[in-house]
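Enquirer: The listed protein sequences derive, respectively, from chains U and P. The numbering of the first sequence is this note's numbering, which starts it at 9 and goes up by one. The numbering of the second sequence is this note's numbering, which starts it at 9 and goes up by one. Quick one: the structure is below, questions incoming.
Number of protein chains: 2
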Amino acid sequence: MLSAVLEDAVGFIDRSRNLILQHFNSTREFKIKPDGSPVTLADLEAEDLLRELIRSHYPSHGVIGEEHGSDNPGAEFQWTIDPVDGTQNFAAGIPTFGTLLGIRYQGKAVLGIIDHPALDIRYAGAIGLGVTCNGKPVGNDRRISAYEVIASGTRSGYLRSGKGDIFDRLLAQFPDTRIYYDCFAHGLAISGALAAMVEYNVRIWDLTPVECLIQEAGGVYHRLDDPAALDSAGFTSSVHGQKDAVERVLRCIAG
Amino acid sequence: MLSAVLEDAVGFIDRSRNLILQHFNSTREFKIKPDGSPVTLADLEAEDLLRELIRSHYPSHGVIGEEHGSDNPGAEFQWTIDPVDGTQNFAAGIPTFGTLLGIRYQGKAVLGIIDHPALDIRYAGAIGLGVTCNGKPVGNDRRISAYEVIASGTRSGYLRSGKGDIFDRLLAQFPDTRIYYDCFAHGLAISGALAAMVEYNVRIWDLTPVECLIQEAGGVYHRLDDPAALDSAGFTSSVHGQKDAVERVLRCIAG
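Here is the structure:
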């Protein structure tokens, strides 16, 4: 059953990608939301489109999206949508932004898509079905001996909960750490290119796809916050990647 | 005359790109050099290829390369080669690495190419000839009002000269700063997607292309070190991008 849903979800993302690319290649106008973050026409229209497609194909399912709140909050299947993850990057013209589509079933992440319209890169998969990148399986050929690279979200994410000290400790212990602002890093962790990725204080729609895909690809997902926070669409944090590297990062975070 | 050289240089890079992609899509073996940094077969073979092409087309010119030192150090024209900038990224499977090819004439950066084989993105240009990205002009449509994003090289670059305090001050003042390890950030600064990019303690072959291209695209290049260091292929540092943002970053660095 999940394979049919994945096929539909990929079809939905084909359509949102086209819409987002049209905006990216034109003016990329944005407004600043009350919380200080930017929102673009691409965000709003892509989420509307995905919601409409989900509603018409799966009317009994719930939807949680970044721009338009929750529908059917009591349903067992909950779709999560971040139409443009990395809106700052999108607005500036940095092509690593992406669309995040996920499904949770009874709270468990069971399906995920990470789509980069401007880079033509797409990760997709579901529990029991493996993970592909542009149609090719990823995860099976992960080279554990590869040069080990750690990445993190921006310092501003940590500051939202007064955790700047953890960011600074991470950068002191791993001075080669890359800092990515968007889901580009999650795809790299799924494919094994990143040994571990740390993300502080983001939302359920930011992490549901990587939570599903990284485990399906043979990696681990370690949630740092109270699990209950997820259900209320509150902030959530995680370290995910290859088991050994994730454990090293967790030791660093513990101080 | 420079336009004919640019045409030749682009042809050289077409060939190095093919060679590098073959290695990226196979085993990506690397060795650790005495200085602790990795080197791959792709680095060594691509630099050999580019040196051979330059030597046969421009026998009177000099060449400075990351892996094989200097030829003709007294020549007025000096080509700079970094065959795989971001070797860590290449070895890990992160596709933002790139090839950097530049020319200095009497010490002045006059031509540059930044090529990303795995992303199919190439910036190329020369003094007086403008800058293109995949053949389309960049620079003329820079949107100064775009969401302003700052980026930096890794903390390890600053630590090489005991400048960790500058990195920490930058991240404190600009907590959304992205940290890139390779030349991906330089292309973004040239196209105007990044407002400013800071890079500490890299080599002449890392910065010659962006030094030429960013000025040709309407931005500014501010060298932070002693200019004499460049001639001996010593470490060099820079802030480059849009004038206002570069000035804000320089004020932060000054403390």
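No residue lacks a Cβ here, since even glycine has one placed at the ideal position from N, Cα and C. Here the structure is a predicted model, which means the values were calculated and not measured.
#1: For the segment 182-197 of chain U, which residues have a beta carbon sitting closer than 8 Å to at least one beta carbon of chain P?
#2: So which residues on chain P does Gly226 (chain U) lean against when the C-beta distance must stay under 7 Å?
#3: Please report the residue range of the beta strand (DSSP E) in which Ile261 (chain U) lies.
#4: Inspect the beta-carbon positions of Thr185 (chain U) and Ser160 (chain U) and report whether they are closer than 7 Å.
#5: According to the neighbour-count rule (16 or more other Cβ atoms, all chains shown, within 10 Å of its Cβ), is Ile222 (chain P) buried or exposed?
#6: Determine the DSSP secondary structure at His1 (chain U), reduced to helix, strand or coil.
#7: Kindly list the residues whose CB is nearer than 7 Å to the CB of Val254 (chain P), restricted to its own chain and excluding five residues on each side of it in sequence; keep chain order.
#8: Please classify Gln30 (chain P) as buried or exposed, where buried requires at least 16 neighbouring CB atoms within 10 angstroms.
#9: With H, G and I counted as helix, E and B as strand and the rest as coil, what does DSSP make of Ile122 (chain U)?
#10: Find the residues of chain A that neighbour Arg211 (chain U), judging by a C-beta separation of less than 9 Å, and give them in chain order.
#11: For the alpha helix (DSSP H) that Ser11 (chain P) lies in, which residues bound it at each end?
#12: Give the DSSP-derived three-state secondary structure of Pro183 (chain U) in the structure shown.
#13: Using a Cβ-based criterion (distance less than 6 Å to any ligand heavy atom), does Tyr131 (chain P) qualify as near the ligand MG?
#14: When you compare the CB of Thr162 (chain P) with every CB in chain U, is at least one pair closer than 7 Å?
#15: Going along chain U in order, which residues have a C-beta closer than 7 Å to the C-beta of Leu179 (chain P)?
#16: What separation, rounded to the nearest whole angstrom, lies between the Cα atoms of Phe182 (chain P) and Leu119 (chain P)?
#17: Residues in the segment 71-101 of chain U with C-beta within 9 Å of chain P's C-beta atoms, listed in sequence order?
#18: Using 8 Å as the threshold, is the segment 124-135 of chain P in touch with the segment 12-30 of chain P, meaning 3 or more CB pairs across them?
#19: What span of residues does the alpha helix (DSSP H) with Asp56 (chain P) cover, start to end?
#20: List the residues of chain U that Leu167 (chain P) touches, going by C-beta distances under 7 Å, in chain order.
#21: Using DSSP bridges, identify the partner residues of Pro145 (chain U).
#22: For chain P, check one thing: does any of its Cβ atoms lie closer than 7 Å to the Cβ of Ala201 (chain U)?
#23: Counting only runs that start and end within the segment 155-226 of chain U, where is the beta strand (DSSP E) found for 3 or more residues in a row?
#24: With 7 Å set as the bound, which would you pick, yes or no: does the beta-carbon of Val13 (chain P) sit closer than that to a beta-carbon of chain U?
#25: Return the chain-ordered list of same chain residues with a C-beta closer than 6 Å to the C-beta of Asn26 (chain U), the five sequence neighbours on each side being excluded.
#26: Closer than 8 Å by beta-carbon distance: list the chain P residues that pair up with Gln258 (chain U), in chain order.
#27: In the segment 72-133 of chain P, which residue ranges form an unbroken alpha helix (DSSP H) of at least 4 residues, counting only runs that do not cross its ends?
#28: Quick one: residues in its chain with C-beta nearer than 6 Å to the C-beta of Gly73 (chain P), no 5 flanking neighbours on either side, listed in chain order?
#29: Can you list the residues of chain U that Leu127 (chain P) reaches, using a CB-CB cut of under 8 Å?
#30: Take every Cβ of the segment 157-174 of chain U, pair it with every Cβ of the segment 94-108 of chain P, and state whether three or more of those distances are shorter than 8 Å.
#31: Provide the residue span of the beta strand (DSSP E) that contains His69 (chain P), from first to last.
#32: Identify, in the order they occur along the chain, each residue of the same chain with its Cβ nearer than 6 Å to the Cβ of Ile261 (chain P), setting aside the five sequence neighbours on each side.
#33: Counting only the same chain and skipping the five closest in sequence on each side, list residues whose C-beta sits under 7 Å from that of Ser199 (chain P).
Expert: If we stick to the structure as given:
#1: Taking 8 Å as the Cβ-Cβ cut-off against chain P, the residues of the segment 182-197 of chain U that qualify are Pro183, Asp184, Thr185, Arg186, Ile187, Tyr188, Tyr189 and Leu196.
#2: Looking up residue 226 (chain U) in the first sequence gives position 218. The contacting residues do not exist; Gly226 (chain U) stays about 15 Å from chain P at best.
#3: In the first sequence, residue 261 (chain U) corresponds to position 253, counting from 1. From DSSP, Ile261 (chain U) is part of no beta strand (DSSP E) but of the alpha helix (DSSP H) over Lys251 to Ala262.
#4: In the first sequence, the residue the question calls residue 185 (chain U) occupies position 177. In the first sequence, the residue the question calls residue 160 (chain U) occupies position 152. For Thr185 (chain U) and Ser160 (chain U), yes; Cβs fall inside 7 Å.
#5: Position 214 of the second sequence, counted from the first residue, corresponds to residue 222 (chain P). Buried, by the Cβ-count rule.
#6: Any question about residue 1 (chain U) goes unanswered here, given that chain U covers just 9 to 263.
#7: Within the second sequence, numbered from 1, the residue matching residue 254 (chain P) stands at position 246. The answer, listed in chain order, is Ala204, Val228, His230, Val247 and His248.
#8: Mapped onto the second sequence, residue 30 (chain P) falls at position 22. That one is exposed.
#9: On the first sequence, position 114 is the one that residue 122 (chain U) refers to. When DSSP states are grouped into helix, strand and coil, Ile122 (chain U) belongs to the strand group.
#10: Of the protein chains in the structure, U and P, none is chain A.
#11: For the purposes of this step, residue 11 (chain P) is identified with residue 3 of the second sequence, where counting begins at 1. In this chain, the alpha helix (DSSP H) harbouring Ser11 (chain P) covers Leu10 to Phe32.
#12: Within the first sequence, the letter at position 175 stands for residue 183 (chain U). Assignment of Pro183 (chain U) by DSSP, reduced to helix, strand and coil, places it in the coil class.
#13: This structure lacks the ligand MG; in fact it carries no ligand of any kind.
#14: As a first step, residue 162 (chain P) is located in the second sequence; it is residue number 154 there, counting from the start. Closer than 7 Å: yes.
#15: The residue you call residue 179 (chain P) lines up with position 171 of the second sequence. Neighbours of Leu179 (chain P) on chain U, chain order: Arg163.
#16: Position 174 of the second sequence holds residue 182 (chain P). Position 111 of the second sequence holds residue 119 (chain P). Taken atom to atom, the span from the alpha-carbon of Phe182 (chain P) to that of Leu119 (chain P) is near 32 Å.
#17: Taking a C-beta cut-off of 9 Å against chain P, the contacting residues of the segment 71-101 of chain U are Thr95, Gln96, Asn97, Phe98, Ala99, Ala100 and Gly101, listed in chain order.
#18: Here the segment 124-135 of chain P lies against the segment 12-30 of chain P, with 3 or more beta-carbon pairs under 8 Å apart.
#19: Locating residue 56 (chain P) in the second sequence gives position 48, counting from the first residue. Unbroken alpha helix (DSSP H) run through Asp56 (chain P): Leu49 to His65.
#20: Translated into positions along the second sequence, residue 167 (chain P) becomes position 159. Chain order gives the chain U residues near Leu167 (chain P) as Pro183, where near means a beta carbon separation below 7 Å.
#21: Walking along the first sequence from the start, residue 145 (chain U) turns up at place 137. Beta bridge pairing from DSSP links Pro145 (chain U) with U:Thr140.
#22: As a working mapping, residue 201 (chain U) is identified with position 193 in the first sequence. Interface residue, yes.
#23: You should have 158-160 and 204-210.
#24: The residue you call residue 13 (chain P) lines up with position 5 of the second sequence. Taking 7 Å as the threshold, the shortest C-beta distance from Val13 (chain P) to chain U does not fall below it.
#25: Residue mapping note: residue 26 (chain U) aligns to position 18 of the first sequence, counting from 1. There are no such residues.
#26: As a working mapping, residue 258 (chain U) is identified with position 250 in the first sequence. Note that residue 258 (chain U) corresponds to Leu in the displayed sequence, not to Gln. Chain P residues near Leu258 (chain U): none, gap ~20 Å exceeds 8 Å.
#27: If only complete runs of 4 or more residues are kept, the segment 72-133 of chain P shows the alpha helix (DSSP H) at 95-100, in order along the chain.
#28: Here residue 73 (chain P) refers to the residue found at position 65 of the second sequence. Short of 6 Å from the beta carbon of Gly73 (chain P), and not among the five residues preceding or following it, lie these beta carbons of its own chain, in chain order: Glu55 and Ile89.
#29: Position 119 of the second sequence, counted from the first residue, corresponds to residue 127 (chain P). Those within 8 Å of Leu127 (chain P) in chain U are Leu127.
#30: With the cut-off at 8 Å, the segment 157-174 of chain U and the segment 94-108 of chain P touch.
#31: Indexing the second sequence from 1 puts residue 69 (chain P) at position 61. Neither: His69 (chain P) is in no beta strand (DSSP E) and is coded neither H nor E.
#32: Looking up residue 261 (chain P) in the second sequence gives position 253. Taken in chain order, the residues that qualify are Ile174.
#33: Within the second sequence, the letter at position 191 stands for residue 199 (chain P). Taken in chain order, the residues that qualify are Cys141 and Val146.
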